[in-house]
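The UniProt record's numbering puts the first residue of the sequence shown at 1, with every later residue one more than the last.
Positions of the beta carbon are idealized from the N, C-alpha and C atoms, including for glycine.
In this text, all values refer to a predicted model and were calculated from it rather than measured experimentally.
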Amino acid sequence: MRSNNEIKTMKLPRFLAKWNVIPLTVGSIDLVIFFTFNYVINVVLSLVRNGLSETSFGVWNIFPLFWCWSGRIIGLYLFFLLVMAALDSILVYQIRASLSDKELRHGQKGTARWTTQEEVRHQYKEVPLKDDFYPGKGGTIISRQGETLYIDDSHSNTLVIGTTRSGKGEMYVFPSIDVYSRAKLLKDRPSMIVADPKLELYKSSKKTLEARGYIVRLLNLADPMHSMGYNPLQLVVDYYRAGLVEKAQMAAKTFSFSIFAADNSTQEPIWKNTATDLFTALIIAIATDCMEEDKQLNERRRKAWSQKRNAFAALTEDEQQRARKKYEELAGDGEDILLEERLYYIPPEVSFAEVHPNEKKVSCFSCLNFFRELCDRKALARATSQMEREKIAETALDEYFNNRPPLDYAKSLYQEIKTAGDRTKGSVYLNMQSAVSIFALDNIARLTAENDIDIEEIGYSEKPVAIFIGIPSEDRSNHFLVTTFIAQVYQYLFNLTKTRKGSKQGKLDRRVKFILDEFGNFPEIENFAGFVTVCLGLGISFDIYVQALNQISAIYKDHAKTILENFANQIYIKSVGKETAEEFSEVLGKTTIVEVQRSGSRFTLDKNFTESASERPLMYPDELARLREGECVVYRGIKRTDRLGVAIESYPIINEYADEPSERIKQQIKSEMLEARSRGQIMQHPDKNENRDLAAEEEMHIRIGRWRMQQGTALLYRYMYLTDTFPNPDDIAIEDINTESRAHIDYTSMIYEPDTAITNMARQTESYMKLEELPEYLSLCYKLQQIDEAYKETLGITTGKETLSKVTEAVCKSGYTTEEKEEILELMGGAA
């Protein structure tokens with residue numbers, strides 16, 4: 001095996017030069033010489049003492065006759081032993097100098113070598129091959145030895161290179177999901193975001209992951225009607241609600257960028273940039289308008305709640321009884337009744353809670369519909385020329401954005417577009433509308449109408465979450481949603497690590513693993529180089545699978561080098577293009593070999609051999625291209641200590657087949673085969689179209705191949721050992737396990753109407769009171785400080801600019817006593 005790092009040429013001389021063989025060789029020679037010396041001494045002494053007639057020449061003379069020794073004989077033996085010791089030293093030196101490759105090959109041409117199997121055992125955590133749980137956190141599969149896997153649990157990014165049909169999924173993705181989910185403690189099992197182009201991973205993994213404590217969801221872009229809900233603009237809303245205005249604006253900008261960056265056309269950047277700005281302006285404008293409407297609505301509701309509670313307190317006991325009954329009758333419908341005109345009184349036990357009906361109107365379809373309606377499609381249809389259509393669209397949008405506040409971010413974005421010429425603006429409008437028209441499709445509109453996944457759960461919930469992303473291979477028009485989802489999950493979790501308090505501030509409570517199969521076919525993820533640079537410190541890591549390295553360089557261009565350098569584990573399975581094999585061969589490094597040259601006449605047995613040190617790659621590109629099923633090469637960039645923390649030199653690892661079995665092993669395999677065949681257990685031809693039993697020779701060939709794979713370190717495919725827990729996905733119908741559905745979503749009722757926007761701009765904007773505007777603000781802060789020193793964290797108060805409705809809801813939901821709540825609400829009562 002290559003991992004033994006043995007020289008394949010001149011095997012006999014190399015064998016004789018081994019340190020464990022030299023003593024046997026020299027000892028054998030010494031024994032022969034010693035016995036010969038004894039024989040000569042004994043025969044000569046016998047001749048001298050007894051004469052020829054009585055001298056024995058038997059074989060027993062090879063042994064020393066101690067009882068016959070005199071002082072001179074002893075001295076002769078001592079001299080003999082000294083000479084033998086000197087000759088042995090010379091012989092050992094000559095053997096090492098002449099036959100050993102160590103004396104010739106000491107790294108002068110390169111020091112690369114393979115990590116041995118023993119070193120792998122010392123350097124990596126071992127876990128059972130399948131089924132059994134193991135202590136500690138999971139990690140990347142590095143190697144296999146027998147029924148044991150060796151994993152890198154140091155938390156690192158992993159790059160896997162394998163062309164189409166090279167077995168990436170069966171050999172690495174499935175086993176990785178299995179290993180990650182087999183950590184013994186639930187808290188040690190990472191949440192997983194899994195790109196699943198064929199939905200094979202979801203079908204095969206769902207039941208097992210659920211049995212292992214996972215919450216399993218499916219974002220199904222291949223069939224959006226049977227998917228979880230994903231509103232890309234929900235992140236914008238969440239940031240606005242949390243008061244993170246800059247992050248909300250950046251989230252809107254990033255999403256818009258992902259739409260237009262996914263367009264691989266040769267369009268000039270100015271068109272993409274202006275269309276990005278226009279759609280960003282629409283998102284920001286609609287989001288802020290809807291949030292503003294909700295704030296105003298909740299302020300009216302808060303005032304009504306406060307007034308009606310106070311009115312209830314003024315009633316007699318009988319009147320309160322009747323008022324409570326009336327409230328229960330009206331509240332039984334499940335509708336929001338605080339502003340119900342028939343409701344005059346609210347019992348004190350009824351808490352205040354904000355509602356956000358207008359937030360539901362912040363969606364991609366709503367933005368597109370708003371844009372279309374604002375531009376008056378009927379008027380556009382009646383227009384007789386392109387110039388007239390552009391002018392109508394320009395006028396409507398100008399009116400909407402011009403009436404926004406002077407420092408409004410959406411307005412500033414639109415102002416940059418306004419400075420362009422009339423024809424340019426019209427083209428930008430049409431260009432933007434064309435790019436986002438996908439959100440008008442019924443299934444995409446239902447998919448993106450709402451969010452029903454809490455991203456915070458991915459990194460902070462009691463149970464791990466696994467989200468599979470179904471990706472259509474035949475239609476790339478919605479692929480940007482994949483990269484958007486990945487980017488938004490990362491960014492949201494990143495921000496949570498900065499804002500959440502606790503023992504793990506700056507890091508997620510649960511590790512999160514992005515497993516991105518076919519990453520090379522994704523559109524660009526904005527700032528992905530930045531993601532992989534800092535993600536490990538947050539508890540986030542990426543496993544990306546590409547067909548060739550040039551896929552990354554083609555998409556990320558100047559950032560490709562940075563991305564690759566942040567993937568500590570780089571695993572090569574197979575590639576077709578020579579560029580990837582050449583690059584990986586270069587990464588593995590050079591080694592020093594002994595080159596043997598033979599000279600002499602053709603028909604003579606007298607040949608001369610010349611050895612010299614030479615350089616060669618640890619693996620040539622063509623050797624990488626010939627790796628067999630299950631074989632792979634692991635380059636580990638930052639592995640510098642073993643399991644005990646002792647410093648090591650990090651060499652590449654090759655997972656490979658064992659060498660050809662010996663004749664004895666072959667006979668054992670043959671005996672097992674013949675015994676099985678005698679019982680009628682004959683292998684079937686692997687090609688089902690053949691539909692026949694294998695001949696004995698064919699079966700023997702297969703059994704030897706399996707033996708070499710099993711006895712070696714090659715990784716096994718899922719179907720070879722994991723079918724009990726990860727069954728064949730082809731045998732599972734997606735509709736049998738997928739319970740996700742968007743059929744109930746009515747996105748047409750969740751839109752922001754231009755008429756509403758115009759009405760809001762035309763009338764005086766309603767005011768809503770902020771906490772710091774209360775007459776009793778300082779008294780309120782003092783009272784809160786007395787009740788709870790950490791009241792700001794408890795109630796989510798940061799700057800004092802929170803609306804009274806938000807603070808009122810927080811007080812009602814807090815763990816304060818009823819008396820404490822009433823004291824706080826009384827100080828806020830002046831705002832009613």
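Spatial distance of residue i from residue j (CA atoms)
i, j, result
"Gly645", "Thr739", "47 Å"
"Ala222", "Gly470", "6 Å"
"Glu457", "Pro464", "8 Å"
"Ala790", "Lys501", "12 Å"
"Cys781", "Glu349", "24 Å"
"Gln145", "Lys360", "54 Å"
"Gly167", "Asn443", "33 Å"
"Arg372", "Gln433", "8 Å"
"Leu481", "Ser181", "27 Å"
"Asp730", "Pro686", "17 Å"
"Gln764", "Asp294", "Model confidence at Gln764 stands at a pLDDT of 48, short of 50, so the residue's coordinates are unreliable; what they give is reported in the following sentence. Going from the Cα of Gln764 to the Cα of Asp294 covers about 16 Å."
"Arg217", "Asp454", "11 Å"
"Glu809", "Met291", "17 Å"
"Thr497", "Ala529", "19 Å"
"Lys813", "Thr794", "10 Å"
"Ser473", "His479", "9 Å"
"Ile525", "Ile544", "13 Å"
"Ala696", "Glu200", "35 Å"
"Val127", "Arg189", "14 Å"
Cβ neighbour criterion (16 or more within 10 Å) applied to residue i
i, result
"Arg309", "buried"
"Ala211", "exposed"
"Val83", "exposed"
"Asp277", "buried"
"Lys378", "Residue confidence for Lys378 is low, a pLDDT of 48 falling below 50, so the modelled location carries little weight; the figure read from the coordinates is stated next. So Lys378 ends up on the exposed side."
"His226", "buried"
"Lys607", "exposed"
"Gly830", "Any reading at Gly830 must be qualified, since the residue scores a pLDDT of 46, below 50, and its modelled position is unreliable; the value itself is stated next. Gly830 is exposed by the Cβ-count criterion."
"Leu12", "exposed"
"Pro405", "exposed"
"Pro357", "exposed"
"Arg510", "buried"
"Arg708", "buried"
"Tyr719", "exposed"
"Ala251", "buried"
"Ile486", "buried"
"Gly169", "buried"
"His744", "exposed"
"Val21", "exposed"
Supposed contact pair residue j and residue i - C-beta distance, whole angstroms, cut 8 Å
i, j, result
"Ile552", "Val546", "6 Å"
"Tyr429", "Ala757", "Not quite, the Cβ-Cβ distance comes to about 17 Å (not below 8 Å), so this is no contact."
"Thr115", "Tyr651", "5 Å"
Beta bridge counterpart(s) of residue i as assigned by DSSP
i, result
"Thr116", "Note: Thr116 sits in no beta bridge, so no partner."
"Ala440", "Answer by DSSP bridge pairing: none, since Ala440 is not bridged."
"Val465", "Ile215"
"Asp196", "Gly470"
"Pro128", "Thr148"
"Cys632", "Asn655"
"Leu516", "Ala195 and Ile544"
"Val641", "Here residue 641 turns out to be Thr, not Val, going by the sequence shown. DSSP lists Ala647 as partners of Thr641."
"Leu159", "Ile544 and Gln570"
"Glu595", "Ser612"
"Ile141", "Ile151"
"Asn220", "Gly470"
is_contact[residue i, chain D] using C-beta, thresh 8 Å
i, result
"Leu674", "Any reference to chain D falls outside this structure, which holds one protein chain only."
Using a Cβ distance threshold of 8 Å, determine whether the segment 650-667 contacts the segment 619-631, with at least three qualifying pairs required.
yes
Does the structure place the segment 275-292 close enough to the segment 410-417 that three or more beta carbon pairs sit under 8 Å?
yes
Under 8 Å: do the segment 568-576 and the segment 633-643 share three or more Cβ pairs, one atom per stretch?
Contact annotation: the segment 568-576 touches the segment 633-643, with at least three C-beta pairs closer than 8 Å.
Is it true that the segment 195-205 meets the segment 500-519, where meeting means three or more beta-carbon pairs spaced less than 8 Å apart?
With the cut-off at 8 Å, the segment 195-205 and the segment 500-519 touch.
Within 8 Å, do at least three Cβ pairs link the segment 308-324 to the segment 768-777?
no
For the segment 21-30 and the segment 78-93, state whether three or more C-beta atom pairs, one from each stretch, are separated by less than 8 Å.
Below 8 Å, enough C-beta pairs join the segment 21-30 and the segment 78-93 to call them touching: three or more.
Using 8 Å as the threshold, is the segment 669-676 in touch with the segment 128-145, meaning 3 or more CB pairs across them?
no
Just checking, does the segment 119-128 make contact with the segment 591-606 on the three C-beta pairs under 8 Å criterion?
no
Specify whether the segment 611-619 and the segment 579-593 touch according to this definition: at least 3 beta carbon pairs, one from each stretch, less than 8 Å apart.
yes
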